[in-house]
Every structure is written in C-alpha cells, then in structure tokens.
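For the record, the sequence lines run as chains A and B. Residue 336 in our numbering is what sits at position 343 of the first sequence, and the numbering runs on without skipping anything. Residue 229 in our numbering is what sits at position 222 of the second sequence, and the numbering runs on without skipping anything.
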Amino acid sequence: MGNVVGIDLGTTNSLVAYVKDGVPVVIRDESGDALVPSVVSVGGDGTIFVGREAQRRLLTTPSRTAYSVKRFMGRGIEDVREDAGLLPFRVGAPRQARGGPSDGSRAGEPESQVLRIQIADKWFTPPELSAFVLRELKRRAEEHFRERGDFDFEVDRAVITVPAYFNDAQRTATRDAGRLAGLEVLRIINEPTAASLAYGLDTRNRGTIAVYDLGGGTFDISILKVEDGVFQVLATNGDTHLGGDDIDALLTEQALSEIGRAVPPEAVQALRTAVIQAKWDLSEFEETEIRVDSAPGLPTGYRRRITRAELERLMHPLVDRTIGPCRQALADAGLQPSDIDEAVLVGGSTRIPLVRRLVAELFGREPHAELNPDEVVALGAAVQADILISGRREMLLLDVTPLSLGIETMGGVTSKIILRNSTIPASGREMFTTFADNQTAVDIHVLQGERELAADCRSLARFRLRGIPPMPAGLPRIEVRFQIDADGILSVSARELRTSVEQTIEVKPSYGLTDAEVERMLIESFEHAEADVEARLLIDARNEAETVVQATEKLLRRPDFDELTAGALAPGERERIEAALAEARQAIGTSDRELVQRKTEALNHATRHLAEVVMDRSVREALAGRNVKDV
Amino acid sequence: MSVRPVQTLECRNCGAGAPVDEHFCPQCNRILALGRYGDYFAFFGLPRRLGLDVQDLERRFRDLSRKFHPDYFYNAPAAERLASLERSSYLNDAYRILRNPVARIEHLLAIEGLPPVKSDDGSAKVPPALLEEVFALNEELDEIRELREAGGDAPQIRARLDAARRPVDARRDEHERRIQELSARWDRQEGAAAADRHATLEALREQLLERNYINNLIATIEREMTSVGA
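(1) Are A/V625 and A/A267 closer than 8 Å when you measure CB to CB?
(2) Pull up the distance between the alpha-carbon of A/G421 and that of B/S72, whole angstroms please.
(3) With respect to the beta strand (DSSP E) encompassing A/G399, which residues constitute its N-terminal and C-terminal limits?
(4) Can you give the Cα-Cα distance for B/I225 and A/I216, rounded to whole angstroms?
(5) Among the residues of its own chain, which have a CB less than 8 Å from the CB of A/T433, if the five just before and after it don't count?
(6) Helix, strand or coil, according to DSSP, for A/H660 in the structure here?
(7) Taking 8 Å as the threshold (C-beta atoms), are B/L41 and B/V32 in contact?
(8) Check each residue of the stretch 88 to 120 of chain B: if its Cβ is closer than 8 Å to any Cβ of chain A, include it; give the result in chain order.
(9) In terms of alpha-carbon separation, which member of A/F554, A/E594 and A/M388 lies closest to A/A573?
(10) Can you pull the chain B residues whose beta carbon is under 8 Å from the beta carbon of A/R386, in chain order?
(11) Hey, A/S24 and A/N536: beta-carbon distance below 8 Å or not?
(12) Is the distance from the Cβ of A/H438 to the Cβ of A/R457 below 8 Å?
(13) Only counting the same chain, and skipping five residues up and downstream in sequence, which positions put a Cβ closer than 6 Å to that of B/R204?
(14) Run through the DSSP bridge pairs and tell me what A/I110 is partnered with.
(15) Can you give the Cα-Cα distance for B/P77 and B/I221, rounded to whole angstroms?
(16) Strictly under 8 Å for the Cβ-Cβ distance: is A/I471 near chain B by that measure?
(17) Examine chain B for any beta-carbon lying closer than 8 Å to the beta-carbon of A/I0, and answer yes or no.
(18) If contacts are defined as beta-carbon pairs under 8 Å, then A/R470 and A/L490 qualify, I think. What distance do you get, rounded to the angstrom?
(19) Return the chain-ordered list of same chain residues with a C-beta closer than 6 Å to the C-beta of B/A90, the five sequence neighbours on each side being excluded.
(20) Does the Cβ of A/M(-6) have 16 or more other Cβ atoms within 10 Å, making it buried, or fewer, making it exposed?
(21) For chain B, check one thing: does any of its Cβ atoms lie closer than 8 Å to the Cβ of A/G3?
(22) Consult DSSP for A/T211 and reduce its assignment to one of helix, strand or coil.
(23) Could you tell me whether the stretch 156 to 172 of chain B touches the stretch 139 to 148 of chain B, where touching means 3 or more Cβ pairs closer than 8 Å?
(24) Hey, how far is the Cα of A/P94 from the Cα of A/A86?
(25) What separation, rounded to the nearest whole angstrom, lies between the Cα atoms of A/Y11 and A/D525?
(26) Which class does A/L176 belong to by DSSP, given the choice of helix, strand or coil?
(27) Where do the N-terminal and C-terminal ends of the beta strand (DSSP E) with B/L39 fall, by residue?
(28) State the start and end residues of the unbroken beta strand (DSSP E) segment that holds A/H438.
(29) Who pairs with A/V18 in a beta bridge, going by DSSP?
(30) Check whether the Cβ atoms of A/F356 and A/P330 sit closer than 8 Å, and answer yes or no.
(31) Tell me the rounded alpha-carbon separation between A/D145 and A/D206.
(32) Where does A/I482 land, buried or exposed, given buried means 16+ other C-beta within 10 angstroms?
(33) Taking A/A113 as the reference, which of A/V261, A/G39, A/E517 and A/T233 has the closest Cα?
(34) In whole angstroms, what is the alpha-carbon distance linking A/I214 and A/G193?
(35) Can A/A419 and B/N219 be called in contact, C-beta distance under 8 Å?
(36) Counting pairs of Cβ atoms below 8 Å between the stretch 398 to 413 of chain A and the stretch 27 to 38 of chain A, do you hit three or more?
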C-alpha cells in the first residue's frame, strides 16, 4: 500500500500535506514553497507544465495556459459565459471535440454536455486540467517520501477538499479529477470543515466556531459545534463565485481602462501579475506601486501608485457580498452572532485587512489567524486522510449538505427530499404518483437548490422509471429515495411499490463526465508528456530564483525602505542589489540552469546585508545569517 | 391476515440473532444492517417520552456517530460499509427529528399509528375551535388591505395589524401551554389504559393541527406588515 495525503485543490493555488508522527505537515519544494499555482500550460511539443513554471508561461504564451480552472468544474457552458470572457483561453462545449464516435456514452444516456477549455489546438475538460495539478502534487509528495528514504514512496490515495458550497456536479467533477490523476479519492471534504479540524487539533477546546473562508475563487462560511472531538457542522453557506480573483479582475480592468487602448493578452497577464503583487503589498503597507516595466504591446510599461484606502473602496462591494451568506448560515444554525465563541480565518484573501475588520464586526470578536490561512485546509485534509486509514476515533467530522435536493413535480415545482444543512450521510424518501391514466413511465428530474421552481434550481440529472403497469392516474405508488454519502455525493433510486419495478442510478450530473469518458481520459492521460528530469531541474532553479527575486523586489518597494535602511547601507549598495536583481530576472528567462543558479546565488549574496539590516530594524532582533527570503 | 413485526435480526456475518433495535451483533460485534425503520426513540435507546433532555440526546448522537460513521468502515466489507451508511443516515435523520419538539410529537403520533398532521393537499380546513376568530381576522385583514391599496396612513395600518395580531398571539401561547400539558400527561401515562393514552395522542394531534393553522395566520399578518413597510 502506498502513502496517503490530503490535498487542497484551490482556484489559485494547491497544496499537499500528510500526517507525520501524528502531526500534519505541508510538503514544500526546495525553495520552501508549499503553494503550487493551479495553472497548467501546454508546451509547443505537447509537454504539460504545472505550477510556477506554468505561471511564468502565462506571461509568454497565454493562449497555451489555463488558470482558475476550478471555476469551471462541474459547470455548463451557460453558467460560465461571464467568466470565460475575462480569461485568455477559449471555453466551449464542442460536440465530438475529441475522442471516438458518439463520445462513448452508453445507449440511452444523454450525451454529456461537459464544458471544455481550449489550449493551443486541444480541448481539455476541467477535471483533466485539474488532474494535471493533482498529478504534480502527487509527484511532489512522492519525491518528498523518496528523499526521506521511504522504500514505498508511492502516493495512491488522497482526501481532496472542495468548497462547502460546491454542488453535486462540482464534487463529482473533483472526484473524477482525482481518479484521472491516478489517486483513489478516499473522501471529498469541505474546506472550512477541514480547516476547523486543523485548528481543533491542539486546542482541544469546545464551543461554537465560525469558519470564514475566502479563497481565490470561492467563499464559504461554516458554523460548527465542537464537543468531545466531534466537529459537527450546524450550517453552511457561501458563494462559489467570489474570491481574490474578482479583486484582481477589478484592478486589472482599472489598469486597462487607464491605459485606454486594447493590449495583447501577454500584457494583460503582466498587468494581472503586477496588480496581484500590489494587492498583497497593501495587506501590509498603506501604499504601494503597481509596476510593469514593459510587456509585449505595452513597451513603456504601466506604473501607478495605489493606496490601501483606494483598494478598499474598489473591493468593498465584493467583500460585502460575504455578509449575506454569513447571516443566513447563522440563522440556519439558529444562532446569534454573540453565540459564536471563535471565528477562524481561512484562505489567502483573509489576509486583507478590510476582510479581517468585516469578520471582527460580523461576529463581534477578533478572528483567529494563528495558522497560515493558505495551508490550514491542506493540513485538515491530511488529518482526515489519517483518520480514514488509521481508524482513529478521537476525532470525527460531521458535515452537512449545503443545498437542498429534490425532484421536479407537476407544474415545474421542486419537491424537496433532503433539506439543506442536513447532516451527511443522509437519506430521504418521498412518495409520488402518476397524473395520467395508464401512464407506464415517469421522468425523474433531480434538482439541487432552494428555489420553488424547478427552472430556478440546478438540474443534476434526469432518468426514466419504466415498466409501470397501466393503472388509473394516482394509483401507482412511486417511491423516490435519495442517498447522500459521506462525500456529499448523491445517488437516487425510484421504485414502484405495487410491482417493485426499480431503477437505481448514481447521479451522473448533466454537466459531468460519463464513466466511459473518464475511462478514455485515463488512457489518454498516459500520452501526455511531463517535463523530463533535466527540464525539472531547470524549473526548480527558476522557482528558487523567482522566490529570491520577488522577495528582493518586495523589500525595495517597501514604502518605509529609506527609514529602515537610513545610514546602514554602504554607498552604491542599493545599486549593486538592483543590478544583481536585473541579472537574476534576466537569467530566469533563459534555459541555462547553471546561469540561473549562479545569478540566484549572486542576488542572495548581494542582499544578505540588506536583509540583516531590515530584519534587525523591523523586528528589533539580531538574526544574522538570514537571507532575503526570511524577511 | 395480519403481519407480525420482526423482533429479531440476523447478523450477516456470523448468523447470530439479535434484538431488532441492536446496532451491533452481540456475538461477533459487527455492525448490523438496519432492522426496521420508524421508531427513532428506540433507535436512541430512549422510551417514547416527549419530555427529553436535549443534552442527553446530543451526547447519544455523538456516541452513536462515533460507532456508525462511514469513516470507520473504510476498509470494512461491502455489507458493513452499507450498514454503516444506512445507520449513519438514519441516525442523522432521527437526531434532527427528535431534537425539534414539534417534529418529535409528530413522530410519536406517526409511530403510534395516528394519521399525519400535515394534510396531503396543503389546504387545511379551519379547525372548528378557531372558526369565529378566523372569520373576524380575515375580515379585518381585508379592510386593512383595502386601506393600504388606497394609500392609507402607514402607522395607522401598522397599529391595526398589531391589534389584529394580539389575540392570535395569545391563542398561540395558549396552544403552546396546552401542548406542554398534554406532553407531560403522555409521559405520565406509561402503563395506563390504552384508551386513555390514545385520547391524549388525539388531543395532541388536534392541538398541532390548530397550531399549524395559527402559524399560517401569523405568517399572513407578517406578510401584510412587510407590504406596509415597503
């Protein structure tokens, strides 16, 4: 048996963690980075690049690179039109896009309408692209175990997290992605709940917790009761379409409108990278600069000062959209804000001071942020994976289904069978009958959502129960049974009780992959080349170089730079650093690994003194020997 | 010909017999397939009493979750995995129902064989005891609605709605008290004559029907209140 890991498959970044001697730890790369950007790029020769290398390629070959794929998981083409317009890659639902005749779907099964993303000349489904990210994480973990000297370093099973507010189709798509990556998905768990598990570990406390999770693309709020090691979710709510990405889009749009003319995708990506950097800066400083030196189609670059107050004005409406779901979750749990004992922050976007102020106001207390908000979900996933394989019983997660499930009845009305916020696993049954004489079949239309009308709910699947003997209308007794498993995934069966005609289906979502498609993709996935060993070493060197470059840039950009370094720097020291920085930056663009490494080392060397000065002055502690990354 | 309920379960693992409400085989300790649907009290090992210590229920819920949850049957044989899924689902449902006082009474009525409180078509008939009041209230609401549509004075309309609501609220409080009395009576009647016990349940059912009706009336008044505010 191989190893087991916990994976946070995020909109912007993904992470992998495992439990070591009873303690969850995230797995880092050589430059100490735990985050793998959820970006996938296809090289000219078909090689697949994932993570930071793919992120760099976003600046040079945006048409061959996809990001924010999580926003497309389990969705139909009409759900995502708005998003697709903002992204550099094409999104569509091409018939016969790839593969053999009739897409391999079984007879009678509706043809899958799954959406695809075009990269270069190939169409990929979102689960396939996510599988590339998962495979990268699997590889990273395997490397870690191998270096540790494990005889069996293979990673074959994982717990993968999803936003609590993900619907059935989105969960199933995530499970499919895991399968495509060669992982047995032990369990799909909700991100905020996973986070609570990581927080609950050492505190051993009890009480009512609100987990506020604002990530790159999604927002969740979960209210939990922790007692006696049981983490019971009382209510959850959220928005699968709200996150840091939206702030980046606003800032990018603002920059574009200030530039006032159309620029090529490469320049858009350069602007996007710069505004993201500025957004991060503004979580720490009151003011910063959005800076692009030059980009294709933007030779003179773009520079602009921006203050925190300005950013806050811009993003206020977005952040305010989290208030409604928080109030609803509290109401569903039957609680007042004052009943909340602890508020916990999860997700990179909760570093934003405005978000922290909002959470403090909503729950009337300062939120917890002791654990790294980027890492806490993966840590929790690792804990859950460990529980599953070890059978340890001191901790137990009891989660809920975020949305009600039901079927369409006469007049297009939704009849709910399992209500939202029901603890899972959950089952429900309801009796229905025919409305015409001698009706021998009924269509079962499975829906998810809170609205009265079927048309306003999410259509999950349709199937037909046949073979009902002719009877007057209203006489057949048709029992529809729903079962939600511990992953939050639904299966439905229908049975005519007078004759015992039965039909069971695992709900394969309308926008999901058929089993046949998954099988075929599994075979195809072996055909995608991954970067070879030499290419990987180069990528690792670039990653390390970039880490140092970014840290140096951030230091030099600090608004209080002059104050911090007053009288401490040698004449010409800053210029020497700037020169080393430029050389390192330039080296990253080459394919010469040794050059990249040399220039990284040179930059590290050039900044060592500065790092010490800043560390010393800002922390008021002498920590000699540290380098720039630690500042 | 009548049917006889099953009183024992057969363990699919070792074949031993177990009482129908057992969760685990007394002989081999494996989880048992769900024996019967219906009695949530028995599932929790509780008597059919309406007065229920919610904290005790919560504790039992956590204990049973720890025994049944699919997390702990990940590597178990398929039959046990299924039994764990079934028992966990059932437990979650049972807990949700018993925790809610009104749902608890409705469940008791159902397992004691009384017809459901919710009518199939949703068009509840006015309970005879409420006829007069409902008639007066509807008349008042009609007048208020006309007044509002004619652009009447909002504070004045609100005052009239408040006044209309007061007797309904009082009615509801009275029902809550009555339901509590009847619940307590039911709990004292363990071992009493079947006819007496049945009479208590009938009375409870009557109160619940009226209660649902009163809640609908209050909802109507509240809707009207919102339209005035808008």
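Every residue, glycine too, gets a C-beta built ideally from N, C-alpha and C.
Based on what the coordinates show:
(1) Only positions -6 to 624 of chain A appear in this structure, which leaves residue 625 of chain A out of reach.
(2) For A/G421 and B/S72, the gap between their C-alpha atoms comes out near 18 Å.
(3) DSSP places A/G399 inside the beta strand (DSSP E), whose first and last residues are L398 to T402.
(4) Taking the straight line joining both Cα atoms gives about 30 Å.
(5) The residues are R459, G460, I461, P462 and P463.
(6) Lying outside -6 to 624, the shown extent of chain A, residue 660 of chain A is not represented and no answer is given.
(7) It is Cys, not Val, that sits at residue 32 of chain B in the sequence shown. Not in contact: B/C32 and B/L41 (Cβ atoms no closer than 8 Å).
(8) For the stretch 88 to 120 of chain B, which is checked against every Cβ of chain A, the residues closer than 8 Å are L92, E93, S95, S96, Y97, N99, D100, Y102 and R103.
(9) That would be A/E594, whose Cα lies nearest to the Cα of A/A573.
(10) Here the neighbours are R73 and Y79.
(11) Result yes, Cβ atoms of A/S24 and A/N536 sit closer than 8 Å.
(12) Not closer than 8 Å, so no.
(13) Within its own chain, the residues whose Cβ lies closer than 6 Å to the Cβ of B/R204, once the five positions on either side in sequence are excluded, are Q196, listed in chain order.
(14) The partner list for A/I110 (beta bridge, DSSP) reads A/V84 and A/F117.
(15) Cα atoms of B/P77 and B/I221: separation of roughly 42 Å, rounded to the nearest angstrom.
(16) Output row for A/I471: interface = no.
(17) Taking Cβ atoms only, chain B never reaches closer than 8 Å to A/I0, which makes this a no.
(18) Between A/L490 and A/R470 the Cβ distance is about 4 Å, and since that is below 8 Å, they are a contact.
(19) Cβ within range, chain order: I38 and A40.
(20) Exposed is the call here.
(21) Closer than 8 Å to the CB of A/G3 there is not a single CB belonging to chain B.
(22) The answer is coil: DSSP assigns A/T211 none of H, G, I, E or B.
(23) By the Cβ test, the stretch 156 to 172 of chain B is in contact with the stretch 139 to 148 of chain B, since at least three Cβ pairs between them sit closer than 8 Å.
(24) For A/P94, the predicted model reports a pLDDT of 38, less than 50, meaning its position is unreliable and no value from the coordinates is stated.
(25) C-alpha separation (whole angstroms): 26 Å.
(26) Note: A/L176 maps to coil in three-state DSSP.
(27) For B/L39, there is no enclosing beta strand (DSSP E), as DSSP marks it with neither H nor E.
(28) Run containing A/H438: V435 to Q441, per the beta strand (DSSP E) assignment.
(29) In the DSSP assignment, A/V18 is bridged to A/Y11.
(30) It is a contact, given that the beta carbons lie within the stated cut-off.
(31) Roughly 35 Å between the two C-alpha positions.
(32) A residue is called buried once 16 or more other Cβ atoms fall within 10 Å of its Cβ, and A/I482 is buried on that count.
(33) The shortest C-alpha separation from A/A113 is found at A/G39.
(34) Here the alpha carbons of A/G193 and A/I214 stand approximately 17 Å from one another.
(35) No, the pair does not count as a contact, with Cβ atoms beyond the cut-off.
(36) In this structure the stretch 398 to 413 of chain A does not touch the stretch 27 to 38 of chain A; the number of beta carbon pairs closer than 8 Å is below three.
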